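Take a look at the structure below.
In the working numbering, the protein residues as written are 600 to 751.
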C-alpha cells in the first residue's frame with residue numbers, strides 16, 4: 600500500500616475535526632472523539648468515526664505529529680501547516696500498516712458509495728464526472744455569466 604497517496608486522503612478529515620479535537624484537550628481515551636460525536640451528525644463523521652480516534656492516538660504519541668496537528672487546528676486553512684501534517688501522517692501510516700489498511704478500506708467504501716469530504720475551508724476537489732460544473736469559492740461582485748457573454 601502506498602501511504603504517500605493515503606495521507607492526502609486523510610488530511611481533509613483531520614482538518615475538519617482537529618479544532619474540536621484539540622479543544623477537547625486529549626485524544627486518548629476517546630474524550631475528543633466523544634466530544635465530536637456529540638455534535639456531529641453528518642455523513643463525513645460516519646466515515647471518520649471508525650478510524651480517527653485510533654489515528655489521533657498515534658499522532659499523540661509522536662511529539663512532532665502532535666505539534667503539526669496543533670498547528671493545523673489553530674490555522675486549518677494554512678496549506679504549509681497541512682503539508683507538515685501530511686509528512687507526519689505518512690510516517691505514522693508507514694509504521695502502522697494495519698491502521699493504514701483499515702483507513703484505506705473505509706475510505707474506498709465511502710468513495711464507492713459517493714460519500715467523501717471534498718472541500719473544507721475553501722478547497723475544492725471533484726471526484727469522477729465533474730464535467731460542466733461551476734464552482735465559486737468566495738463572493739463575487741457583479742453579474743455571473745456562464746459561457747461567452749457576447750454571444751447571443
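From the three backbone atoms N, C-alpha and C, an ideal C-beta is built for every residue, glycine too.
This structure is a prediction, so every number in the text was calculated from the model and none was measured.
Range of the contiguous alpha helix (DSSP H) that encloses residue i
i: residue 661; result: Here residue 661 belongs to no alpha helix (DSSP H), and DSSP marks it neither H nor E.
i: residue 675; result: Careful: residue 675 lies outside any alpha helix (DSSP H) and carries neither H nor E.
i: residue 601; result: From DSSP, residue 601 is part of no alpha helix (DSSP H); its letter is neither H nor E.
Whole-angstrom distance between residue j and residue i, CA atom to CA atom
i: residue 643; j: residue 749; result: 42 Å
i: residue 676; j: residue 652; result: 22 Å
i: residue 710; j: residue 655; result: 22 Å
i: residue 621; j: residue 603; result: 25 Å
i: residue 696; j: residue 601; result: 10 Å
i: residue 707; j: residue 694; result: 21 Å
Spatial neighbours of residue i in its chain, beta-carbon cut-off 6 Å, leaving aside the 5 residues before and after
i: residue 680; result: 670, 671 and 674
i: residue 618; result: 672
i: residue 667; result: 683, 684 and 687
Neighbourhood of residue i by C-beta, 8 Å cutoff - its chain only, sequence neighbours within 5 removed
i: residue 650; result: 698, 701, 702 and 705
i: residue 610; result: 681, 684, 685 and 688
i: residue 665; result: 658 and 659
i: residue 663; result: 687
i: residue 661; result: 687, 690 and 691
Other residues of its chain near residue i: CB distance less than 7 Å, five sequence neighbours each side excluded
i: residue 647; result: 612 and 616
i: residue 607; result: 685
i: residue 605; result: 692, 699, 702 and 703
i: residue 678; result: none
i: residue 645; result: none
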